[in-house]
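S.K.: Residue numbers (my numbering), protein chains in the order written: chain R, 1 to 397; chain U, 1 to 169.
Here a beta-carbon is modelled for each residue, glycine too, at the ideal position from N, C-alpha and C.
Just so you know, these numbers come straight off a predicted model, no measurement behind them.
Could you have a look at this structure, given as structure tokens, before my questions?
Below is the structure:
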């Protein structure tokens, strides 16, 4: 049988396509329950912030991509509820039902099509307004899987065990990720859960679904994020120093959990290879300064680091043990605090891209990693990281 | 710019809105969406569920090209795009690929605790089946151990006609 994972085609953005820049970003503060704001309020807030950041007005925006999920929002065509708030009325608007980084990917494609000079991408989530387990249960096939009561936590717990069993990763190694990311969040004023905790605290926290404990899991979060993408000409009109999209890759795996090798992140390896190929990265550990990845659970940070090629399969536990991924390590991972410290579903991948952008700009405040020139943003969609998107961003070279 | 700032014409002119949140009680609108669905399971699914209900047999489909046996059965091979899949009986025992024991209660849980979710690679199958694991002793479960299907007495033609999987004695 063929090897569907192999795709050696190497692409370079500069060769055959116009370049795409991120010229404006905006995020809300991430909170457990935003009682005073509706979805539209959140979208309005981040749209204004992104415009303000870019020094552009809503009339400068050619087209809009909204990111939302009907089940979470409790309404069909959920994107339509935020159209006024993102200024898309009488504009070309398209919607993404998936993680916000895929919204950014689609927004970039719209610019590369040549039809648009600027794209606003907005994502929103109010996790507080429904029931997480019931919503995530609904992502499973209604005929074969949903009746089992699977949800995001239990499916991920099975992935965690498959991964840890195969590669001898310990619960303590996963706990170290949680300690690091909650600690990093103390420097991020937008984070929901800045915490000073120890490995013992994580190990002693309530078991949700073994091996996942409360402090291995990301919180339920309300929040929104927006970015403005621009082609080369439009980027010159923005007031920010543009951060360029150097490489993009995305790849999806099978839907049924049992069809996949849950212990490995093969789709991510393909996505990363594509993104690195475009960006001219051949030694990721040496060439990437900061990583913002989608750590919905602590074990995922380890798995995704392997999929991203920062170490061999099973080697990420060692990276964490050696402090490589700490703020002061060789490869700071999630200096924002990551999803473990604020997990607005749908928004979180876009938040990773915003954090990567701020790092390259040197405007990440207290969470800035000194000398960051190239950063990686990663988003996932579907149960247990079914699909992955990787973006490499950097300044003008 | 504060979250409730608004812009007027000139982007430099930003005016703060009064902080009404401090004075206004946040109101909540409670709702619930309940919509019945009728999902036809298709020809392949029908054969699978009838076999489960009437004969307590678990069926997969085998791709003639890559020879992979899929459970639950597929009408077409996702890898080869072949449509002439062949039926093949699998299980009822197999290998526990991974599992988790649930420690919280939800209305969607189909059986009484203690139970877990599991991926089981049934004998003769190449893919895993997501299902339930129960009837185990504490610390008994291990990845790679042998488990077997326990069928319901009264079967209705759905995936819970297998009540759960349990360790092979």
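Which word fits residue 236 of chain R, buried or exposed, when buried means at least 16 other C-beta atoms lie within 10 angstroms of its C-beta?
M.R.: exposed
S.K.: Which of the residues in the segment 127-149 of chain R, read from start to end, lie with their CB under 7 Å from any CB of chain U?
M.R.: 133, 134, 137, 142, 143, 144, 145, 147, 148, 149
S.K.: When burial is assigned at 16 or more other CB atoms within 10 Å of the CB, is residue 90 of chain R buried or exposed?
M.R.: exposed
S.K.: When the distance is taken between beta carbons, is residue 21 of chain R closer than 8 Å to residue 243 of chain R?
M.R.: yes
S.K.: How would you label residue 58 of chain U, buried or exposed, when you count the other beta carbons within 10 angstroms and need 16 or more for buried?
M.R.: buried
S.K.: Reducing DSSP to helix, strand and coil, say where residue 268 of chain R ends up.
M.R.: helix
S.K.: So, are the CB atoms of residue 155 of chain R and residue 253 of chain R less than 8 Å apart?
M.R.: no
S.K.: Can you check the segment 65-136 of chain R for any beta strand (DSSP E) of at least 3 residues that lies completely inside it and give the ranges in chain order?
M.R.: 92-96, 118-126
S.K.: Count the CB pairs spanning the segment 113-120 of chain R and the segment 337-348 of chain R that are closer than 8 Å, and state whether there are at least three.
M.R.: no
S.K.: Which residue spans inside the segment 240-289 of chain R form an unbroken alpha helix (DSSP H) run of at least 4?
M.R.: Fully enclosed alpha helix (DSSP H) runs of 4 or longer: 266-279, 284-287.
S.K.: Please look up how many angstroms separate the CB atoms of residue 71 of chain R and residue 138 of chain R, rounded, as I've assumed it's under 8 Å.
M.R.: Correct: roughly 6 Å between the Cβ atoms.
S.K.: For a contact defined as C-beta to C-beta under 9 Å, what are the partners of residue 161 of chain R on chain U?
M.R.: Correct list: 98, 99, 100, 143.
S.K.: Please report the distance separating the alpha-carbon of residue 13 of chain R from that of residue 193 of chain R.
M.R.: Interpretation of residue 13 of chain R is limited by its pLDDT of 46, a score under 50 that renders its predicted location unreliable; the figure taken from the coordinates is listed afterwards. Spanning the two alpha carbons is a distance of roughly 38 Å.
S.K.: Between residue 132 of chain U and residue 209 of chain R, which are expected to be in contact by the criterion C-beta below 8 Å, what is the C-beta distance as a whole number of angstroms?
M.R.: In fact, because the Cβ distance is near 13 Å, the residues do not count as touching under 8 Å.
S.K.: Which of helix, strand or coil does DSSP assign to residue 102 of chain U?
M.R.: Note: residue 102 of chain U maps to strand in three-state DSSP.
S.K.: Just verifying my parser: in three-state terms, what is the DSSP assignment at residue 6 of chain R?
M.R.: Unreliable placement is indicated for residue 6 of chain R, whose pLDDT of 43 sits below 50; no coordinate value is reported for it.
S.K.: Under the three-state reduction of DSSP, which class applies to residue 184 of chain R: helix, strand or coil?
M.R.: helix
S.K.: Does the beta carbon of residue 103 of chain U come closer than 8 Å to any beta carbon on chain R?
M.R.: yes
S.K.: Report yes if the CB atom of residue 104 of chain R is closer than 8 Å to the CB atom of residue 353 of chain R, and no otherwise.
M.R.: yes
S.K.: Tell me which residues of the segment 188-215 of chain R have at least one Cβ-Cβ distance to chain U shorter than 8 Å, keeping chain order.
M.R.: 206, 207, 208, 209, 210, 211, 212
S.K.: Residue 143 of chain R and residue 41 of chain U: beta carbons closer than 8 Å?
M.R.: yes
S.K.: Flag this pair as yes or no: are the beta carbons of residue 383 of chain R and residue 257 of chain R separated by less than 8 Å?
M.R.: yes
S.K.: Please list, in chain order, the chain U residues whose beta carbon lies closer than 9 Å to that of residue 321 of chain R.
M.R.: Those within 9 Å of residue 321 of chain R in chain U number zero; the least Cβ separation is about 23 Å.
S.K.: Let's test the definition: count the other Cβ atoms within 10 Å of the Cβ of residue 83 of chain U and tell me whether it reaches 16, buried, or not, exposed.
M.R.: exposed
S.K.: Do residue 66 of chain U and residue 85 of chain U have their beta-carbon atoms positioned less than 8 Å apart in this structure?
M.R.: no
S.K.: Taking residue 207 of chain U as the reference, which of U:88, U:69, U:56, U:37 has the closest Cα?
M.R.: Within the shown structure, residues of chain U are numbered from 1 to 169, placing residue 207 of chain U beyond reach of any answer.
S.K.: Note down the Cα distance separating residue 271 of chain R from residue 362 of chain R, rounded to an integer number of angstroms.
M.R.: 27 Å
S.K.: Between the C-alpha atoms of residue 93 of chain U and residue 149 of chain U, what's the straight-line distance to the nearest angstrom?
M.R.: 6 Å
S.K.: Looking only at DSSP bridge pairs, what is residue 63 of chain U linked to?
M.R.: Bridge partners of residue 63 of chain U: none, in fact.
S.K.: Assuming residue 97 of chain R and residue 69 of chain R form a contact by the criterion Cβ under 8 Å, report the distance between their Cβ atoms to the nearest whole angstrom.
M.R.: 6 Å
S.K.: Should the segment 29-37 of chain R be regarded as contacting the segment 217-233 of chain R, the criterion being three or more beta carbon pairs within less than 8 Å?
M.R.: Yes, the segment 29-37 of chain R touches the segment 217-233 of chain R.
S.K.: Name, please, each residue of chain R whose Cβ falls closer than 8 Å to the Cβ of residue 41 of chain U.
M.R.: Result: 143.
S.K.: Report yes or no: is there a C-beta of chain R within less than 8 Å of the C-beta of residue 117 of chain U?
M.R.: Among the residues facing chain R, residue 117 of chain U is included, as its CB has a counterpart in that chain under 8 Å away.
S.K.: Which one of U:140, U:49, U:159, U:127 has the shortest CA to CA distance from residue 69 of chain U?
M.R.: U:127
S.K.: Taking residue 303 of chain R as the query, report the chain U residues whose CB atoms sit under 9 Å from its CB, ordered along the chain.
M.R.: What residue 303 of chain R touches in chain U: nothing, since even the nearest Cβ is about 13 Å away.
S.K.: Should residue 356 of chain R and residue 228 of chain R be called a contact, given that it needs their Cβ atoms to be closer than 8 Å?
M.R.: no
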